[in-house]
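Asker:
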Amino acid sequence: FEGSQNYNLAKHVPDHAHVSSQYMSAAYKLNVRLQELLFQALKIEDETQRHVLGSHPFLVLKQMKYFDTKLSDPSIGRYGAGPHTDWGSFTILATDATPG
């Protein structure tokens, strides 16, 4: 799966960069809030420890298409994500009513 090499975002989604930037800003704020809730739940009150654990939040935005019944087939331009495991503390998926 080679991501943007398979899809010309500038041509097909001209506002992609702007919308993605806004999304990442909101995701960062959510990350900070979830981190605070986690610190509270674990009763981590020491500011030095909080700084060590939370001073470098790591955010990844990878937009993927999950096919409901079709396998990826690069020979016809169909790229999608197969079964995999996400890493990190939290994975937040945005879904809609459309399968895949």
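In the numbering used here, the protein residues as written are 454 to 553.
We put the beta carbon where it would ideally sit given N, CA and C, even for glycine.
From a predicted model like this one, the values you see are computed outputs, not experimental measurements.
Counting only runs that start and end within the segment 486-536, where is the alpha helix (DSSP H) found for 4 or more residues in a row?
Answerer: Whole alpha helix (DSSP H) segments, 4+ residues: 500-507.
Asker: Quick test of your reading: Ser473 and Leu514, contact by CB under 8 Å. State the CB separation rounded to the nearest angstrom.
Answerer: Taking the first residue of the sequence shown as 1, we reach residue 473 at position 20. Taking the first residue of the sequence shown as 1, we reach residue 514 at position 61. Between Leu514 and Ser473 the Cβ distance is about 6 Å, and since that is below 8 Å, they are a contact.
Asker: Using the three-state DSSP reduction, which class does Ala479 fall into: helix, strand or coil?
Answerer: Position 26 of the sequence shown, counted from the start, is the residue given in the question as residue 479. Looking at Ala479 - three-state DSSP - the assignment turns out to be helix.
Asker: By alpha-carbon positions, which one of Gln516, Gln493 and Asp526 ends up nearest to Val466?
Answerer: Position 13 of the sequence shown, counted from the start, is the residue given in the question as residue 466. The residue with the shortest Cα to Cα distance from Val466 is Gln516.
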